[in-house]
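Engineer: Right, I'll just put the structure down here and ask away after.
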Amino acid sequence: AVGDTVGVSVGPGVDGRRRWGGSGARGRGQAGRRGVGAERDEALDAITSTDQRLGRRKRQLGDRSTELQQQANELEAANEKLQASNEQLQSTGEELEEQTALAEQARREATDILESIGDAFFALDHDWKFIYLNENAEPLLARSRDELLGASIWDAFPETVGSTFEREYRSPVRERVGVGFHESFRP
Numbered sequence: 126a127v128g129d130t131v132g133v134s135v136g137p138g139v140d141g142r143r144r145w146g147g148s149g150a151r152g153r154g155q156a157g158r159r160g161v162g163a164e165r166d167e168a169l170d171a172i173t174s175t176d177q178r179l180g181r182r183k184r185q186l187g188d189r190s191t192e193l194q195q196q197a198n199e200l201e202a203a204n205e206k207l208q209a210s211n212e213q214l215q216s217t218g219e220e221l222e223e224q225t226a227l228a229e230q231a232r233r234e235a236t237d238i239l240e241s242i243g244d245a246f247f248a249l250d251h252d253w254k255f256i257y258l259n260e261n262a263e264p265l266l267a268r269s270r271d272e273l274l275g276a277s278i279w280d281a282f283p284e285t286v287g288s289t290f291e292r293e294y295r296s297p298v299r300e301r302v303g304v305g306f307h308e309s310f311r312p
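For the sequence shown, my numbering assigns the number 126 to the initial residue and increments by one for each residue that follows.
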């Protein structure tokens with residue numbers, strides 16, 4: 126039947142997008158209805174718009190994925206540095222513990238030696254403060270270790286200031302030589 130033919134055409138539209146065109150079923154009284162071609166154009170426009178949105182979203186997700194991968198790489202590098210620092214710190218801590226144990230052992234040995242000396246013995250730091258007294262020094266100085274440790278010899282025994290003791294004590298420090306002297310002092 127001549128009235129049953131449908132014509133369809135595909136080609137670029139005015140705006141450069143693909144257009145579907147169709148004449149519909151001719152001769153059947155459908156002149157008032159929208160044509161199949163217009164529906165297809167709208168569907169194609171909707172698909173094209175969706176494709177464009179999906180393309181943009183895909184690019185955004187790709188960009189975000191790249192950013193996240195860079196951040197993951199940076200975090201991994203930072204984590205590796207942190208682990209290396211932690212290992213180094215742990216090693217340093219172990220070395221410090223070993224050195225502390227050795228220093229404590231040396232201190233105990235020195236204390237044992239100084240305590241075994243039969244004479245009175247005391248040591249002063251560079252500020253003339255008592256840093257050590259053996260047991261025999263306490264009765265000689267008529268003071269306890271607790272009273273003298275950390276105290277300046279010149280403050281603890283002000284009567285020695287200007288005496289032979291002060292001159293003879295300061296001389297070896299100033300001149301970096303050893304001295305020997307005999308003097309009597311009763312605290």
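Every residue, glycine too, gets a C-beta built ideally from N, C-alpha and C.
1) Check for me: the beta strand (DSSP E) holding Leu247 runs from which residue to which?
2) Could you tell me if Asn259 is buried or exposed, where buried requires 16 or more neighbouring beta carbons within 10 angstroms of its beta carbon?
3) Leaving out five residues on either side along the sequence, give the residues of the same chain with a beta carbon under 6 Å from the beta carbon of Leu274.
4) What residue ranges within the stretch 223–249 form continuous beta strand (DSSP E) runs of no fewer than 3 residues, ordered along the chain?
5) So, for Ala262: in the same chain, excluding its five sequence neighbours on each side, which residues have a beta-carbon less than 7 Å away from its beta-carbon?
6) Less than 8 Å between the beta carbons of Arg401 and Ala281, yes or no?
7) Within 10 angstroms of the Cβ of Leu186, are there 16 or more other Cβ atoms? Answer buried if so, exposed if not.
8) Expressed to the nearest angstrom, what Euclidean distance is found between the alpha-carbon atoms of Gly160 and Arg189?
9) For Gly180 and Asn211, what's the separation of their Cα atoms in angstroms?
10) Buried or exposed for Leu207, please, with buried defined as at least 16 other CB atoms from any protein chain shown within 10 angstroms of its CB.
11) According to the neighbour-count rule (16 or more other Cβ atoms, all chains shown, within 10 Å of its Cβ), is Val304 buried or exposed?
12) Nearest CA to the CA of Arg299: which residue from Gln194, Ala235, Thr175 and His251?
Structural biologist: Working from what's here:
1) It is worth fixing the name first, because residue 247 is Phe in this sequence and not Leu. Phe247 -> beta strand (DSSP E) spans Phe247 to Leu249.
2) Around the beta carbon of Asn259, 16 or more other beta carbons sit within 10 angstroms, so the residue counts as buried.
3) Phe255, listed in sequence order.
4) Whole beta strand (DSSP E) segments, 3+ residues: 247–249.
5) Contacts found: Ala245, Phe246 and Phe247.
6) The requested residue 401 does not occur in the structure, where the chain is confined to residues 126 to 312.
7) Residue burial is scored here from C-beta neighbours: Leu186 has fewer than 16 other C-beta atoms within 10 angstroms and is therefore classed as exposed.
8) Looking at the two C-alpha atoms, the distance is approximately 43 Å.
9) Here the alpha carbon of Gly180 sits roughly 46 Å from the alpha carbon of Asn211.
10) That one is exposed.
11) Val304 comes out exposed.
12) The option with the nearest alpha carbon to Arg299 is His251.
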